[in-house]
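Remarks on the structure that follows.
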Amino acid sequence: MATAVRDACIRAALEGYQHAAISGLCHEGAWEAAISAIKMLDLDAVLHESKRD
Numbered sequence: 007m008a009t010a011v012r013d014a015c016i017r018a019a020l021e022g023y024q025h026a027a028i029s030g031l032c033h034e035g036a037w038e039a040a041i042s043a044i045k046m047l048d049l050d051a052v053l054h055e056s057k058r059d
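Residue 33 in this note's numbering is what sits at position 27 of the sequence shown, and the numbering runs on without skipping anything.
Rendered as structure tokens:
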């Protein structure tokens, strides 16, 4: 379960950072977008999915 949450957080951060960087944000702005993506992650869905596996 912890691995699923960690992987989901990493995925969200990478996607948030990449999207922000492509949109033209500087490194600091892209980093803030990555953190925001982690905060918006639906942990209930991640946990539910990890229980099915």
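All residues carry an ideal CB built from backbone N, CA and C; glycine is no exception.
*Whole-angstrom Cβ separation of Ala14 and His25, contact assumed at under 8 Å?*
Counting from one through the sequence shown, the residue named residue 14 turns up at place 8. Counting from one through the sequence shown, the residue named residue 25 turns up at place 19. At roughly 16 Å, the Cβ-Cβ gap does not stay under 8 Å, so Ala14 and His25 are not in contact.
*Would DSSP call Gly30 helix, strand or coil?*
The residue you call residue 30 lines up with position 24 of the sequence shown. It is coil, neither helix nor strand.
*Would you kindly work out how many angstroms separate the C-alpha atoms of Gly22 and Asp48, rounded to a whole number?*
By one-based count along the sequence shown, residue 22 stands at place 16. By one-based count along the sequence shown, residue 48 stands at place 42. C-alpha separation (whole angstroms): 14 Å.
*Secondary structure at Asp59, three-state DSSP: helix, strand or coil?*
In the sequence shown, the residue the question calls residue 59 occupies position 53. In this structure, Asp59 counts as coil in the three-state DSSP scheme.
*Taking 9 Å as the cut-off, decide whether the C-beta atoms of Ala19 and Met46 are in contact.*
Residue 19 sits at position 13 when you count from the first residue of the sequence shown. Residue 46 sits at position 40 when you count from the first residue of the sequence shown. Going by C-beta atoms, Ala19 is not nearer than 9 Å to Met46.
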